[in-house]
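Undergrad:
In full-length UniProt numbering, the protein residues as written are 1 to 755.
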């Protein structure tokens, strides 16, 4: 089963990496090929072709299910069921919704947000009617950042939107008592009441029912630094433990009553009990990809016990892989899919082929899992924990043999014996508090996490081969070569500009602004994008991009002004990167910053930086006091203008005249009608104009007449909201044409990718 599984995996992966879907004509040519390889018994090729055809078919179904563009940005009244556990904070509640409006041809699943909702919050399983405004799946597109659009595609969500204030908003029907999510919500509420706002409540929710919505960022930081995040992904460890608990409990009870119930042996009865408890736990966990994989493997094992047949664990893993991908070919987009299967493969490998002494087995498993998963962790997250084996050595047995069994028993008791359930939950909380102290202590080590830039795919491919060689059984020749193949990971340095060159990136931070300027040895960040509620573009976009580029420190952070869409992500950036200097037009809003003032200038690596605005004693609106920065190098110039409006534009024209001319202009105020006056545009006379504006933003930036004014003088315009992050290299080639991340990184789920 190994070869078919790998072939099917590669077929699914190929389709997921295509820039556009194969045309139906190409797929039709694959059908005769499928027949030929079947008749010639070329089973591996057949599995690969089957995967390509199946994945393409599933992709087309998902794309066809996306929202009709005609319905975007319209007020629509929809009715349907809430199908997920709602995630709420102080200002917003978010959930998945299954509409029933067949006449509108809406997607089968949409994701809705309700800002400032009423006290009677919607609950999972309830039927509601809402007035909504929807848009097709779309997300910020940046190197190193989370691909929200890919996640929506993998989750089969065909539209996102928000609920409007309306009399139409009303509950139509209570939740179905048989709904799994209804019971999950009930368990969450009961545990919350009993633990009375415990600091470990979010951890307990994650381990009990797979709900990690209320996890705090500092908790995730601790888990990531110690390599223990996998403990919150209810997978093989948890499901296997539930199955074992069910198996041995039912087996023992069956032996006691065996004289009356002779139709099944105690092992067969135990297999049924193990499967049922594993299924119960998997349903409570929300059936994520790692949970599905674990449940499939447990099911095969329990079935083999029931029918009294031996099973090869490797074949069980391979069969589980194929079944998961048949259910969802785009599970390959989820990091959890790869980490889950790779971890189990490492466990099976160590147990079967390396065969360490029994007393060292546990340590060997954790060590080799850490080694085996390192290339994947670097691929997905550009970091790995160096203390993961030490952390997991204690965390895994505590969670597996103490916390999870206590939680399972507690959940079963919540409906029968509330006092005993409360006592068990308090015991669980106490265990977690002691474990958490240990993990936080480890996480404080300066060497806990190894962070890397984005590695080339070829380098990671070599590293994966090297890892496989290292993991080879004892006696294999040239095992030392595996270590040599890993060395480039430690010495790799990403490309950087030469002296005099400027690498300029305008990041896609939605409706906001953030730019990164790199010279040969220096880095400047201009604005950091917005922060709303629990979402911060500094943490979600700017910091991942800096890591992607291999940047270790910032020479300057310049905040044009203190509006949220420019300063919101500053705290996250400053907490992640040592920064030599901070300039701002409003330093009172940012600790450690100084005024940016007209006349300030400096030179880095043959590149000159000049602050053109504001004056020392100037007054005006916050927008008009924005820092204006001109960057000049041998190969071109860039003008960053913040949110200045006409008054500041007039001042710049009068004061600097031709000095404000630039090759690249970041349009003032995102393309608002209050800026980009005809006089200013003619004076700057840019070749390329970049608009930092969100996709379908509520302000309709950039305004159509503003764009037309730039086109009138021959400028070419680009927009982050539709093209993603924009890159310009001002180098010896003198080709200043911006390129968008969406064009460079196009995938089948991106809008218009099928055209």
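C-beta: ideal position from N, C-alpha, C; glycine also.
1) At the level of alpha carbons, what is the spacing between residue 402 and residue 204?
2) Starting from residue 613, trace the beta strand (DSSP E) both ways and give me its first and last residue.
3) Between residue 642 and residue 632, which are expected to be in contact by the criterion C-beta below 8 Å, what is the C-beta distance as a whole number of angstroms?
4) Please check the pair residue 222 and residue 387, which I expect to be a contact at CB under 8 Å, by giving their CB distance rounded to whole angstroms.
5) Within this structure, are the beta carbons of residue 82 and residue 122 separated by less than 7 Å?
6) Among 213, 499, 583, which one has its Cα closest to the Cα of residue 558?
7) According to DSSP, residue 92 sits in a beta bridge with which residue or residues?
8) When DSSP labels each residue in this structure, what does residue 19 get in the three-state scheme?
9) Using DSSP with H/G/I as helix, E/B as strand and the rest coil, what is residue 644?
10) Helix, strand or coil: which one does DSSP assign to residue 338?
11) May I ask which residues mark the beginning and end of the alpha helix (DSSP H) holding residue 433?
12) Between residue 460 and residue 544, is the Cβ-Cβ spacing less than 7 Å?
13) In terms of alpha-carbon separation, which member of 274, 267, 219 lies closest to residue 245?
14) Please report how far the alpha carbon of residue 24 lies from the alpha carbon of residue 57, in whole angstroms.
15) Which of the three DSSP states, helix, strand or coil, is assigned to residue 381?
16) Here's the rule: buried if 16 or more other CB atoms are within 10 angstroms of the residue's CB, otherwise exposed. What is residue 232?
17) Answer yes if the region 483–492 comes into contact with the region 422–441, meaning at least three C-beta pairs across the two stretches below 8 Å, and no otherwise.
18) By alpha-carbon positions, which one of 147, 76, 156 ends up nearest to residue 129?
19) Is the beta carbon of residue 284 less than 7 Å from the beta carbon of residue 209?
20) Cα separation between residue 567 and residue 585?
21) Please determine, among 16, 462, 331, 51, the residue with the shortest C-alpha to C-alpha distance to residue 4.
22) Since residue 169 and residue 125 are thought to touch, with beta carbons under 8 Å apart, how far apart are those beta carbons, to the nearest angstrom?
23) Pull up the distance between the alpha-carbon of residue 415 and that of residue 297, whole angstroms please.
24) From the DSSP output, in three-state form, read off residue 711 for me.
25) Counting only the same chain and skipping the five closest in sequence on each side, list residues whose C-beta sits under 6 Å from that of residue 755.
26) With a CB to CB cut of under 6 Å and the five nearest residues on each side skipped, what residues in its chain are close to residue 513?
27) Grouping DSSP H, G and I as helix and E and B as strand, with all else coil, what is residue 85?
28) With DSSP run on the structure shown, which of helix, strand or coil describes residue 628?
29) For residue 736, count neighbouring Cβ atoms within 10 angstroms of its own Cβ and tell me buried if that reaches 16, exposed if not.
30) Examine the Cβ distances between the region 495–505 and the region 722–737 and report whether three or more of them are shorter than 8 Å.
31) Helix, strand or coil: which one does DSSP assign to residue 754?
32) Just to confirm my understanding: we take residue 439, look at its own chain, exclude 5 residues before and 5 after, and list those with CB closer than 8 Å. What are they?
33) Helix, strand or coil, according to DSSP, for residue 297 in the structure here?
34) Can you list, in chain order, the residues of its chain with a C-beta nearer than 7 Å to that of residue 445? Leave out the 5 residues immediately preceding and following it.
35) Between which two residues does the alpha helix (DSSP H) harbouring residue 190 extend?
36) Is residue 492 helix, strand or coil by DSSP?
TA: Taking the definition as stated:
1) Whole-angstrom Cα-Cα distance: 13 Å.
2) Note, residue 613: beta strand (DSSP E), 607–613.
3) Taking 8 Å as the upper bound for CB-CB distance, residue 642 and residue 632 are not in contact here, some 18 Å apart.
4) Not confirmed; about 12 Å, so no contact.
5) Residue 82 is a Cβ neighbour of residue 122, given a cutoff of 7 Å.
6) Closest option to residue 558, Cα to Cα, is 583.
7) In the DSSP assignment, residue 92 is bridged to 115.
8) Residue state, collapsed to three classes: coil.
9) Here residue 644 sits in coil by DSSP.
10) The answer is helix: DSSP assigns residue 338 an H, G or I state.
11) Run containing residue 433: 418–443, per the alpha helix (DSSP H) assignment.
12) No, these two residues do not count as a Cβ contact at 7 Å.
13) Checking every option, the nearest Cα to that of residue 245 belongs to 274.
14) Distance between the alpha carbons of residue 24 and residue 57 is about 9 Å.
15) Residue 381 falls in the helix class under three-state DSSP.
16) In the assembly as shown, residue 232 is a buried residue. Its beta-carbon has 16 or more other beta-carbons within 10 Å.
17) Three or more beta-carbon pairs separated by less than 8 Å are not found between the region 422–441 and the region 483–492, which leaves the two stretches without contact.
18) It is 76.
19) At the C-beta level, residue 284 and residue 209 come within 7 Å of one another.
20) Roughly 11 Å separates the two Cα atoms.
21) The shortest C-alpha separation from residue 4 is found at 51.
22) With a Cβ gap of about 18 Å, residue 169 and residue 125 do not count as contacting.
23) Using only the alpha carbons, I get a separation of about 30 Å.
24) Residue state, collapsed to three classes: helix.
25) Bear in mind that the predicted position of residue 755 carries a pLDDT of just 37, short of 50, making it unreliable; the figure below should be weighed with that in mind. Its chain contains no residue whose beta carbon lies nearer than 6 Å to that of residue 755 once the 5 sequence neighbours on both sides are disregarded.
26) Excluding sequence neighbours, residue 513 sits near 527, 566, 692.
27) Three-state result, residue 85: coil.
28) If DSSP states are grouped into helix, strand and coil, residue 628 belongs with the strands.
29) Buried, because 16 or more other Cβ atoms sit within 10 Å of the Cβ of residue 736.
30) The region 495–505 makes contact with the region 722–737, as at least three CB pairs between them are under 8 Å.
31) Interpretation of residue 754 is limited by its pLDDT of 37, a score under 50 that renders its predicted location unreliable; no figure is taken from the coordinates.
32) Cβ within range, chain order: 222, 223, 226, 228, 391, 395.
33) Here residue 297 sits in helix by DSSP.
34) These residues qualify, in order along the chain: 387.
35) Run containing residue 190: 180–195, per the alpha helix (DSSP H) assignment.
36) Assigned with DSSP and collapsed to three states, residue 492 falls in coil, not helix or strand.
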